[in-house]
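**Student:** Number 152 in the working numbering belongs to position 154 of the sequence shown; there are no gaps in the numbering. Idealized CB from N, CA, C, for every residue including glycine. Please see the structure below; I have some questions.
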Amino acid sequence: MADLVTVGDTSLRLSPEGNERLETATDVRMRTTGTASNVAVAAGRMGTDALWLSKLQDSPLGRRVLAELHEHGIETDVARSADGRQGLTFYESAPQPRETLQIDDRSESAAATMTPGELAMDEVQSAASVFAAGSTMALSSTAAETVQAILRAGGSGSDFAAFDLDYRPSMWSPEKARATVTNIFDAVDVLFASEEDVRAVLDRNGQPREMAHTIAAEWDFHMVVITRSEYGALAYHDGVIHDSDAIETDAVDEAGQHEAFIGAFLAGLLEGADTDDALDAGVAMAALTRTIPGPLTTVERAEVDALLADSDETTF
C-alpha cells in the first residue's frame, strides 16, 4: 500500500538549450514533466512511498516517460493505449526582462481518455493520501470525471485528498477551469495553488492571507496552501495562517519548483509534521529544485534538512 497515490497526465517537455528561443532553436532537450508525477518524485525523494497512476500511449514516447520516472525511483501503474497521442510541452526558459514561455500541446493525449476502470482503484482506496491536479481535468470531460472519482474514492478511505489548481491558460479558460474544478471541491481536504492561479481561476483579489482564509471558509477545506514564488508560501489551517519565507537561490530552471514544494509538503504531513515544518520543507525543496535543470527534482532529503539547518529552520 502506497502512502501517496498521484493520478494525472504526464507529457514530454521539449526545450532549447540555455536561453535560446523556440522559434530559432535547432536542438532541444527532452525531459518528462507532469504535475502528478513531479509531485510523486518530490515526495519520494523525501522518503514517501509514492505511486503514480495514469494512461500512456503504447509507443516509444510513452515508454520514454515511464523509463525516466522509474529512474527517479517512483512506482507506476499505467494503462497502455494504442489510441491517443503522447502529450508534449514546449518550454522556453528566459532571463529577465523576457518571460518564460510554455506551450502545452496535450489535446487528445492517451490520458484524456483514462477512466477509473483502467486505473488501480484498490491502490487509490487503500492509500494514506491521494493527489490530482487541474491540468489533467483540462484534457477532457472524461479525464475530469476520472479525477473526480479518484478524489472521492481516495478521500473516503485516506487521511486526506489533495488537489492543485494547476491552471494552464493554453489548455482552457479561467471560466471553464473555475466551473470544472469547483465542482469537486467538496471531495478535497487540502487545496494547493499558486497565488496567480487563485486570482485567475477563483477570481479572488486582495492579500494572499485574506484569500486563503476566504477560500477555506467558502469551500470548507481542511487546509489551503498558496505558493508565492520568490515570497515563499503560506497555509491556512484551523483558523491560523502559517507562512514561510522563500530561501534565496540562483535560479537555473524554475520549472518544477511548485510541484517540488507540494511533494515535500505532503511528505511532511504524512510523517506527522505540523503545518509550519511542512511549509519550511516545501520551501526548501522548491529553492533547491530551482538550482537544477529540468522539471523533475533530484534533491535529496539530506539536502533539504541541511538547508533548513543553515536557515535556522526546523527539520522534520
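#1: Is the region 105 to 120 in contact with the region 143 to 151, if contact means three or more CB pairs nearer than 8 Å?
#2: In three-state terms, what does DSSP make of Glu18?
#3: I need the straight-line Cα distance from Asp157 to Ser105, nearest angstrom please.
#4: Tell me which residues share the same chain as Ala279 and place their Cβ nearer than 8 Å to its Cβ, disregarding the 5 neighbours each side in the sequence.
#5: Expressed to the nearest angstrom, what Euclidean distance is found between the alpha-carbon atoms of Thr212 and Val3?
#6: In angstroms, rounded to a whole number, what distance separates the CA positions of Ser9 and Phe161?
#7: Give the straight-line distance between the Cα atoms of Asp248 and Asp120, rounded to the nearest whole angstrom.
#8: Taking Cβ positions, are Ala214 and Val222 nearer each other than 8 Å?
#9: Using 10 angstroms around the beta-carbon of Ala300, count the other beta-carbons present and answer buried if the total reaches 16, otherwise exposed.
#10: Please tell me whether Val5 and Ser57 are closer than 8 Å, where the distance is taken between their beta carbons.
#11: For the region 251 to 258 and the region 282 to 296, state whether three or more C-beta atom pairs, one from each stretch, are separated by less than 8 Å.
#12: Give the DSSP-derived three-state secondary structure of Asp162 in the structure shown.
#13: Round the Cβ separation of Leu232 and Asp241 to the nearest angstrom and send it over; I've been treating them as touching at under 8 Å.
#14: Would the beta-carbon of Gly254 fall within 8 Å of that of Asn17?
#15: Ordered along the chain, which non-local residues of its own chain (more than five positions away) have a Cβ less than 6 Å from that of Ala108?
#16: Beta carbon of Ala92, beta carbon of Leu49: below 8 Å?
#17: State the beta-bridge partners of His240 as determined by DSSP.
#18: Between Asp103, Ser127, Ser227 and Arg96, which has its C-alpha nearest Ser168's C-alpha?
#19: Based on DSSP bridge pairs, tell me the residues matched to Phe190.
**Tutor:** Looking at the coordinates:
#1: yes
#2: coil
#3: 33 Å
#4: Met44, Ala262, Phe263, Ala265, Gly266, Ala271, Val302, Leu306, Thr313 and Phe314
#5: 28 Å
#6: 19 Å
#7: 43 Å
#8: yes
#9: exposed
#10: no
#11: yes
#12: strand
#13: 4 Å
#14: no
#15: Lys53, Leu54, Gln55, Ser79 and Gly82
#16: no
#17: Ala233
#18: Asp103
#19: Asp162 and Val223
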